[in-house]
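**Student:** Numbering (this note's numbering), first residue to last: 664 to 886. Note that the Cβ used here is the ideal one computed from N, Cα and C, for glycine as well.
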Ligand code: GRF
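#1: Under 7 Å: does the beta carbon of residue 771 sit that close to some heavy atom of ligand 1?
#2: Using 10 angstroms around the beta-carbon of residue 831, count the other beta-carbons present and answer buried if the total reaches 16, otherwise exposed.
#3: Determine which residues share a DSSP beta bridge with residue 776 and list them.
#4: Quick one: any contact between the stretch 738-752 and the stretch 671-687, if contact means 3 or more CB pairs under 8 Å?
#5: Just checking my contact of residue 811 with residue 862 at CB under 8 Å: how many whole Å lie between their CB atoms?
#6: For ligand 1, I want to know if residue 675 counts as a neighbour, meaning its beta carbon is within less than 7 Å of at least one of the ligand's heavy atoms.
#7: State the Cα-Cα distance for the pair residue 896 and residue 692, rounded to the nearest angstrom.
#8: Out of curiosity, what's the CA-to-CA distance linking residue 697 and residue 667?
#9: Any idea what DSSP makes of residue 863, helix, strand or coil?
#10: For ligand 1, is there any heavy atom lying closer than 7 Å to the beta carbon of residue 889?
#11: Is DSSP giving residue 748 helix, strand or coil here?
#12: Mind checking which residues open and close the beta strand (DSSP E) that includes residue 698?
#13: Say yes only if the C-beta of residue 811 is nearer than 7 Å to one or more non-hydrogen atoms of ligand 1, and no if none qualify.
#14: Quick one, which of 771, 817, 796, 821 has its alpha-carbon nearest residue 765's?
#15: Regarding residue 653 and ligand 1, is the C-beta to nearest heavy atom distance less than 7 Å?
#16: Is it buried or exposed for residue 717, if we count other Cβ within 10 angstroms and need 16 for buried?
#17: Relative to the C-alpha of residue 709, which candidate in 684, 741, 679 has its C-alpha closest?
#18: Is the Cβ-Cβ distance between residue 685 and residue 822 less than 8 Å?
#19: Taking 7 Å as the line, does the beta carbon of residue 712 fall inside it for any heavy atom of ligand 1?
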């Protein structure tokens, strides 16, 4: 029996390059894609993510901060089964976390639990990495729970931080890795090959998860 196709919502506040990476990956999978992006939500009317969605013919919702409590309603009326946060700056209401537990994921632009938590988003993360003199940073895909950046980690990939780097160069290096890592994790989630069981991540052995999601902390590029 084949699993029903996932109906994925992507929530984004910014330019939407991770949304684009997901769209491109699902398009490349063609008929074997495990689902469809059926909704893009943004709290910012001017978000580039909304433009990308419109160009791809995907329904969009602009949900300003004062209407954040209506997120579950909007997801439900669109028949959403899975949610991927991609640079979404609003706190996810607890009713959404509860309704989508195990089907709600986020990407964070650092190696959690380092450089995570309240206030650690966007450029703040990369500035903190440079300020700390960290030798390594990276991207983390994780399930979302009620606390910022604390849900079970699905996958991480590391990149080096070089002495000449600033927050911009680190951000660009991490973003390139995000675009590789996130779409594959989201596809695996939609396929039912990644699950949250008793607070732990369980990956289907048939997934060959290690092939594309390396927990290996070694840098993908020579330093
Ligand atoms: C990414 O670095 C993501 O990890 C972070 O915000 C950024 C969003 O970039 N949470 P984009 O909007 O996907 O281009």
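**Tutor:** To lay it out plainly:
#1: yes
#2: By the 10 Å Cβ count, residue 831 comes out exposed.
#3: Residue 776 pairs with nothing; no bridge assigned.
#4: Because the criterion of three Cβ pairs below 8 Å is met, the stretch 738-752 and the stretch 671-687 touch.
#5: Residue 811 to residue 862, Cβ: 17 Å. No contact.
#6: yes
#7: Given that the chain is displayed from residue 664 to residue 886, the structure contains no residue 896 and the question cannot be resolved.
#8: 8 Å
#9: strand
#10: Nothing in the structure corresponds to residue 889, since the chain is present only between 664 and 886.
#11: strand
#12: 698-705
#13: In terms of side-chain proximity, the C-beta atom of residue 811 is found no nearer than 7 Å to any non-hydrogen atom of ligand 1.
#14: Residue 765 has its Cα closest to that of 817, out of 771, 817, 796, 821.
#15: Nothing can be reported for residue 653: it is not among the residues displayed for the chain, which extend from 664 to 886.
#16: exposed
#17: 679
#18: Contact annotation: residue 685 and residue 822 have beta-carbon atoms that are not nearer than 8 Å.
#19: Proximity of the beta carbon of residue 712 to ligand 1 is indicated: a heavy atom of the ligand is located closer than 7 Å.
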